[in-house]
Amino acid sequence: MCMVSEYDEKATSARFIMHVNNDRLKGAGMHKPTVPINTFVYNKGKAQRVTIDEISYMMPAASILPLVSNQHFVFEAPDQLVAWQFNREFYCIVDHDAEVGCVGFLFYGIHHPMFIKLDKSQQEEIQYLEKAFSAEWPSQDPFQGEMLRTLLKHLIIKTTRIAKQQSDCYQQFSDERMDIVRKFSLLLECSFRKEHGVKFYAGALNKSAKTLSNIFALLEQPAPSRLIQNRIILEAKRYLHYTGKTAKEIAYELGFESPAHFSRFFKMYTGINISAFRDSQSAVDILP
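285 is the number that the working numbering gives to position 208 of the sequence shown; each next residue is one higher, with no gaps.
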């Protein structure tokens with residue numbers, strides 16, 4: 078049975094939505110910008126295909142996938158999913174990172190998409206939470222929002238713990254050491270449009286560029302310079318996929334000093350020039 082339940086708090090613009098077997102669940106990303114909202118998707122059915130920013134992946138059965146607001150996503154069988162969506166006014170994961178510890182890992186992390194597989198007991202816990210959320214919707218009292226936030230925090234903490242158990246790096250290195258990666262990831266998400274050099278990120282983390290690169294190598298992470306380049310290219314592709322912005326406009330949005338500089342950067346890291354990339358996407362009818 079399809080169910081879409083929504084909590085709206087007009088005074089604060091807080092918004093929380095739960096989807097159960099909703100065949101219309103999808104993320105418009107840049108194609109149709111809306112209020113920024115994060116999403117947890119739980120696949121209760123068999124493995125299915127999900128397309129995120131025009132790249133296709135297989136989402137395993139009994140797994141959870143965190144998604145962020147600017148991602149365009151379409152599921153093969155959305156009617157087999159449960160999803161929870163929330164905006165920062167409802168619960169800001171950045172401001173409350175000390176409570177849930179997911180920023181720069183589940184959300185805005187450098188390893189994405191992250192498919193978090195659940196064993197039998199973990200599936201039962203998530204299904205219990207699903208029932209707890211569902212039981213809360215009939216309540217129409219002043220405490221409903223706080224109860225939903227409490228359940229959401231439970232979901233985030235539980236998912237973060239499971240994901241860390243499945244991460245080789247978190248098994249090998251302490252949370253304290255991995256926090257430098259999380260802090261870098263959040264800083265990158267906030268700053269990549271203007272700051273393209275490792276020196277800025279290192280300075281913000283009170284490190285030298287060389288020290289930061291050495292730390293990432295020690296923690297078996299991609300080099301900071303590569304992560305910065307990847308993030309810029311990802312955003313450039315989103316603009317080219319889902320907007321009608323010109324190369325000049327995109328160059329300005331992404332902090333390049335000139336369209337020519339942006340074009341050289343794009344060609345260097347994708348192996349194709351901007352016009353050829355956009356033509357290839359138009360040929361397969363990318364835009365919905």
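In this text, a Cβ means the ideal position worked out from N, Cα and C, and glycines have one as well.
The beta carbons of Pro301 and Phe261 sit closer together than 8 Å.
In the pairwise beta carbon analysis, the region 186 to 199 is classified as not touching the region 160 to 172: fewer than three pairs are separated by under 8 Å.
When C-alpha distances from Lys230 are compared across Lys208, Thr288, Ser133 and Asp174, the shortest belongs to Asp174. Looking only at Lys325, Phe277, Leu264 and Phe93, the smallest Cα-Cα distance to Asn115 is reached by Phe93. Sixteen is the threshold: when 16 or more other Cβ atoms of the shown chains lie within 10 Å of the Cβ of Arg259, as they do, the residue is buried.
Cβ neighbours of Cys79 within its own chain (closer than 6 Å, five residues either side excluded): Asn98 and Asn99. Counted as a single uninterrupted DSSP element, the stretch harbouring Leu183 is not any beta strand (DSSP E), since DSSP gives it neither H nor E. Annotation: the region 146 to 171 contains the following complete segments of the beta strand (DSSP E) (minimum length 3 residues), in chain order: 149 to 152 and 158 to 163. A residue is called buried once 16 or more other Cβ atoms fall within 10 Å of its Cβ, and Asn120 is buried on that count. An exposed status is given to Phe220, since fewer than 16 other beta-carbon atoms sit within 10 Å of its beta-carbon. In the DSSP assignment, Asn307 falls within the unbroken alpha helix (DSSP H) covering Pro301 to Tyr319.
Minimum Cα-Cα distance from Glu153 among the listed residues Leu263, Ile129 and Arg226 corresponds to Ile129. When DSSP assignments are scanned along the region 208 to 284, the uninterrupted stretches of alpha helix (DSSP H) that are 4 or more residues long and fall wholly within it turn out to be 221 to 242, 245 to 249, 252 to 268 and 275 to 281.
Val151 has its alpha-carbon roughly 8 Å from the corresponding atom of Leu102. The three-state reading of DSSP puts His173 in coil, since its state is none of H, G, I, E or B. Separation of Ile309 and Tyr84 (C-alpha to C-alpha, rounded to the nearest whole angstrom) is 34 Å.
DSSP places Ser140 within a strand segment (E or B) once states are collapsed to three.
Here DSSP, grouped into helix, strand and coil, assigns Arg101 to coil. Residue nearest to Glu207 within the set Ala240, Ala281, Leu228 and Gln306 is Leu228 (criterion: CA-CA distance). DSSP places Ile327 in the uninterrupted alpha helix (DSSP H) bounded by Ala324 to Glu330. Taking the C-beta atoms as reference points, Leu183 is found no nearer than 8 Å to Ile239. DSSP places Ile203 in the helix class (H, G or I) of the three-state scheme. Taking C-alpha positions only, Gln125 is separated from Met136 by approximately 5 Å.
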